[in-house]
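Quick notes on the structure that follows.
The structure is reproduced here in structure tokens:
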């Protein structure tokens with residue numbers, strides 16, 4: 001299976017598509033930002049810190065509490081970045097911190113209308 005993000009009226013839906021036998025196994029245990037780096041930036045404004053948990057530009061809103069409850073608890077660092085996010089909700093998460101797993105098949109993610117990017121010119125993200 002491959003888990004692509006599909007844009008549907010300002011929402012992303014994690015969908016399952018069967019792979020043929022020649023393709024590699026599904027890329028679970030990676031963040032949504034890692035899995036979809038090429039298409040993600042055409043959907044969201046950007047992943048300014050490249051997943052280093054230093055911005056909130058990959059902010060998404062999990063539309064269904066059922067799926068939100070399947071996610072691991074956000075870390076203090078993620079919560080700190082979410083505090084800076086535009087249009088924060090109870091089910092807000094950072095796409096770089098949402099890890100793809102089979103039980104998230106079908107999750108709906110809303111995209112906030114705007115984002116805040118506090119990175120300045122010359123900023124180089126450093127992984128934690």
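In full-length UniProt numbering, the protein residues as written are 1 to 128.
For every residue, glycine included, the Cβ atom is placed at its ideal position computed from N, Cα and C.
With distances taken from CA atoms, which of 110, 81, 91, 96 is nearest residue 50? 96
With a threshold of 16 other CB atoms inside 10 Å of the CB of residue 48, please say whether the residue is buried or exposed. Around the beta carbon of residue 48, a 10 Å sphere encloses 16 or more other beta carbons of the protein chains shown; the residue is thus reported as buried.
Within the continuous beta strand (DSSP E) that includes residue 109, where are the two ends? 108 to 110
Enclosing beta strand (DSSP E) for residue 82 [first to last residue]: Careful: residue 82 lies outside any beta strand (DSSP E), inside the alpha helix (DSSP H) at 76 to 82.
Over the uninterrupted beta strand (DSSP E) stretch that includes residue 62, give me the two end residues. 59 to 62
Collapsed DSSP secondary structure at residue 113 in the structure displayed: Residue state, collapsed to three classes: coil.
Got a sec? Which residues, its chain only, sit under 7 Å from residue 33 by beta carbon, not counting five neighbours each side? 40, 47, 51, 58, 95, 96
Distance, residue 111 Cα to residue 64 Cα: Going from the Cα of residue 64 to the Cα of residue 111 covers about 14 Å.
Can you name the start and end residues of the alpha helix (DSSP H) that residue 103 belongs to? Careful: residue 103 lies outside any alpha helix (DSSP H) and carries neither H nor E.
Going by the DSSP bridge assignment, what does residue 52 pair with across the sheet? Partner(s): none; residue 52 has no beta bridge.
In its own chain, which residues sit with a C-beta less than 8 Å from the C-beta of residue 82, not counting the 5 before and 5 after it? 56, 59, 74, 88, 92, 93, 94
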